[in-house]
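Every position in the sequence shown, counted from 1, becomes a number in my numbering once 1007 is added. Structure, as structure tokens:
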Amino acid sequence: SIDESCGYDVNPTCKVCDDACGHGDELQQERLRDRLICGLKDQAIQQKVLAIPFKDLTLKKALEVCRVEAASKETQASLNKSERQVNRLKERSSYKKGKIDNNPLSKSAQKADERCSNCGRKKHQKPDQCWARDKDCNNCGKTGHLKHMCRSEPKKEVNRMTIGQVKTSDDLVKITAKIGNADHQEVEWLPDTGAECDVITADCLKKVGTKVKDLRKDKAELCGPDQGRLKSLGKVTATLEREGMKYKTELHVLEKGTGPILSKAGCIALGLIPTGWPHVVNKLH
């Protein structure tokens, strides 16, 4: 009740205060007023009453302030309770809605449908509008899509590759090569069926106009014909052409040595040896 909010536990006391208002002598009313103020348990209401100028602080005025403040507190408490109930209902509604509309799996699947399967950008109205239609994939080597959208199995990094050796210069083959950002140039290569990778030296790289600082990191472990380890300065992408045939490869750059060396795979791709060539020279395992 309001009287209990003011701090009274015994209702007759409040009744006595009410009955005394306007009756009895002034001293009795002052005693009841003081008893009322001292008995208030709510400090905020007590301070409100004590804020009244002493000359105006009658028993009737004190009772009036107590009841107004207590009623205000009860109303505010009721409003707060209603607001908390409304907030709980909103939270439940948002939670249920999130289960259906905000499912992360549904959103990711929807975004995937909106992307081009070749370049990964926003889906095009027509397939020929894709900017990757003429690009070569760095994973499978096919044209028409990019590496990060490739559906082929990722190529495994070669851990150990053997580089063969050609002892004479009579077998040199002139091949047009585009190495890195340099222009197409005719370069003499040593075809070596014992080599498992394509190699070029730093001096040769400099002659064609590509700088060592532009090389990418090389994780492959290179070995010579004697199985001695060779230090790689890095690798660079190159495209070799011969008699209408094209071969795209990663050239491993050595600080010193014989080169450029064309691997068995390069020899087959450029038609220097037939596919399935059985004989491997200087391959030691």
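Glycine residues also receive a C-beta, built at the ideal position from the N, C-alpha and C atoms.
Presumed contact (8 Å Cβ cut-off) between residue i and residue j, rounded CB distance
i, j, result
"G1266", "V1206", "5 Å"
"G1151", "N1188", "So it is not a contact: roughly 23 Å between Cβ atoms."
"G1241", "D1225", "5 Å"
"E1121", "K1129", "7 Å"
Neighbour-count burial assignment, residue i, 16 or more Cβ in a 10 Å radius
i, result
"K1271", "buried"
"T1175", "Legend: pLDDT at T1175 = 49, less than 50; position of this residue unreliable, no value from coordinates given."
"G1105", "Caution applies to G1105, whose pLDDT of 49 falls short of 50 and renders its modelled position unreliable; the model cannot decide the point."
"E1076", "buried"
"Y1102", "Caution is warranted here: a pLDDT of 49 is assigned to Y1102, below 50, making its placement in the model unreliable, and no coordinate value can be reported."
"S1239", "buried"
"T1082", "exposed"
"W1196", "buried"
"H1191", "exposed"
"A1069", "buried"
"L1153", "buried"
"Q1053", "buried"
"V1243", "buried"
"A1084", "exposed"
Option nearest residue i by Cα separation, candidates the options
i, options, result
"A1202", "E1193, A1209, Q1234", "Q1234"
"R1249", "S1089, R1122, G1273, L1240", "G1273"
"F1061", "I1052, R1074, R1040", "R1040"
"G1216", "T1200, E1193, C1204, L1229", "E1193"
"L1229", "L1258, R1140, Q1053, R1095", "L1258"
"K1051", "V1093, S1159, S1079", "Residue 1051 is actually Ala in this sequence, not Lys. Nearest of V1093, S1159, S1079 to A1051, Cα basis: S1079."
"C1073", "E1090, R1095, R1091, D1049", "D1049"
"P1232", "E1033, C1204, S1159, D1032", "C1204"
"G1127", "H1155, R1140, K1133", "H1155"
Test item: CB-CB of residue i and residue j under 7 Å
i, j, result
"C1123", "H1131", "yes"
"T1246", "K1149", "no"
"T1183", "G1264", "no"
"L1237", "L1212", "no"
"Q1036", "L1066", "yes"
"C1157", "C1147", "yes"
"D997", "I1268", "There is simply no residue 997 to check, as the chain begins at 1008 and stops at 1292 in what is shown."
Residue i Cβ short of 6 Å to the ligand GDP heavy atom set
i, result
"T1256", "Inclusion of the ligand GDP in the displayed structure is not the case, the ligand content being empty and no account of it being possible."
Validate contact between the stretch 1267 to 1280 and the stretch 1221 to 1239 using beta carbons, cut 8 Å, 3 pairs
no
Touch check for the stretch 1056 to 1068 and the stretch 1037 to 1047: three-plus C-beta pairs under 8 Å?
The answer is yes - the stretch 1037 to 1047 touches the stretch 1056 to 1068, with three or more Cβ pairs under 8 Å.
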